[in-house]
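Here the sequence shown is numbered in this note's numbering, starting from 0 and rising by one per residue.
Structure, as structure tokens:
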Amino acid sequence: MIAIALFIATSCYVGAAALAATPFVRPVPAPLRAVVGALAAGVAVHLAALAGVAHESGRMPISGLGPALSFAALLLAGTLLAVEVVARDVSLTLVAAPLAALTTVAANLLGMRPLLAPSGTRLVWLVAHIALSFLGIAAFATAAAAGTIYLVERRELKSRRFGAIFRFFPPLDTLDRVNHVAAVTGWLGLTLGVALAVAYSVNYRATDTAQLLWGTGAWVGVSAVTFGRLLGGWQARRAAVASSVTFVAVVALYVAFRVAGVSGGQFL
């Protein structure tokens, strides 16, 4: 049943992306309510699947590779849903929803088997660290999606091709604002997550080198983008390129650790 629920959630995310792409097929506005409804249904079913994992295993479904990836996909989809509802625009769904779907599929294939987690205060500490870290990554993924769409629309605008992309995508200023706010939010979440990880490692003497390296690398990249905007005076295009490239680098670093066979900790 859990595998079926995750398949349904994946289908909802793919369906939301397909609905968001409607203007590229027919000259009509994107169906905002239908896209938001599909995303909301996917998030609800995904949450129910993770609740089922927790009930069956008696463990929090955020430890172990499969559950951690599924939890990250849920946070990404939830963040996307919140942004789309507030902005009343579904263009980010074209990039972020397929990413959430692919991550959910990977989690389902790897298996939803949570690792044995500690209890008591140590469990709360660990859950807060993982949740904040993934929330930061999900927010930065939103910034990267906004940056990617900004670059595509800017290129179309400079070439004077006022086709479906120009009609469908929101103004460049809106995409730049989403990129800015999401990058800062991602930095705050990741900073708190990394701080809790360091304090957890020191307090309980439970250091995981691979996890520490990945978390530090991700934090450095996200920090560079955030402070480049806040203090470095980066313009919209440079920030869009930096956020998109940095997100790809963070994902590539994660994949590199997995391919190299580096042993995982609670969620790496």
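Don't be surprised by glycine CBs; every beta carbon is placed ideally from N, CA and C.
Rounded C-alpha distance that separates residue i from residue j
{"i": "residue 198", "j": "residue 192", "result": "10 Å"}
{"i": "residue 60", "j": "residue 106", "result": "11 Å"}
{"i": "residue 74", "j": "residue 181", "result": "13 Å"}
{"i": "residue 90", "j": "residue 138", "result": "16 Å"}
{"i": "residue 227", "j": "residue 30", "result": "36 Å"}
{"i": "residue 204", "j": "residue 122", "result": "15 Å"}
{"i": "residue 168", "j": "residue 119", "result": "48 Å"}
{"i": "residue 143", "j": "residue 242", "result": "5 Å"}
{"i": "residue 269", "j": "residue 253", "result": "Any answer about residue 269 is impossible in this case: the structure gives the chain only from 0 up to 267."}
{"i": "residue 58", "j": "residue 223", "result": "36 Å"}
{"i": "residue 84", "j": "residue 41", "result": "15 Å"}
{"i": "residue 49", "j": "residue 251", "result": "26 Å"}
{"i": "residue 255", "j": "residue 26", "result": "42 Å"}
Closest by C-alpha distance to residue i, when choosing among the options
{"i": "residue 16", "options": "32, 27, 0, 92", "result": "92"}
{"i": "residue 19", "options": "9, 8, 7, 32", "result": "32"}
{"i": "residue 216", "options": "236, 248, 129, 126", "result": "248"}
{"i": "residue 233", "options": "178, 256, 254", "result": "178"}
{"i": "residue 53", "options": "184, 99, 114, 40", "result": "114"}
{"i": "residue 171", "options": "66, 151, 185", "result": "151"}
{"i": "residue 132", "options": "81, 13, 189", "result": "189"}
{"i": "residue 1", "options": "45, 221, 176", "result": "45"}
{"i": "residue 130", "options": "201, 208, 69", "result": "69"}
{"i": "residue 101", "options": "14, 56, 28", "result": "14"}
{"i": "residue 136", "options": "201, 96, 221, 42", "result": "221"}
Opening and closing residue of the alpha helix (DSSP H) in which residue i lies
{"i": "residue 168", "result": "Careful: residue 168 lies outside any alpha helix (DSSP H) and carries neither H nor E."}
{"i": "residue 56", "result": "31 to 56"}
{"i": "residue 75", "result": "64 to 86"}
{"i": "residue 213", "result": "208 to 229"}
{"i": "residue 124", "result": "120 to 157"}
{"i": "residue 19", "result": "1 to 19"}
{"i": "residue 97", "result": "92 to 109"}
Neighbour-count burial assignment, residue i, 16 or more Cβ in a 10 Å radius
{"i": "residue 5", "result": "buried"}
{"i": "residue 245", "result": "buried"}
{"i": "residue 140", "result": "buried"}
Cβ separation of residue i and residue j, assumed to be a contact under 8 Å, to the nearest whole Å
{"i": "residue 149", "j": "residue 8", "result": "The pair is not a contact, with the Cβ atoms about 28 Å apart (cut-off 8 Å)."}
{"i": "residue 127", "j": "residue 195", "result": "6 Å"}
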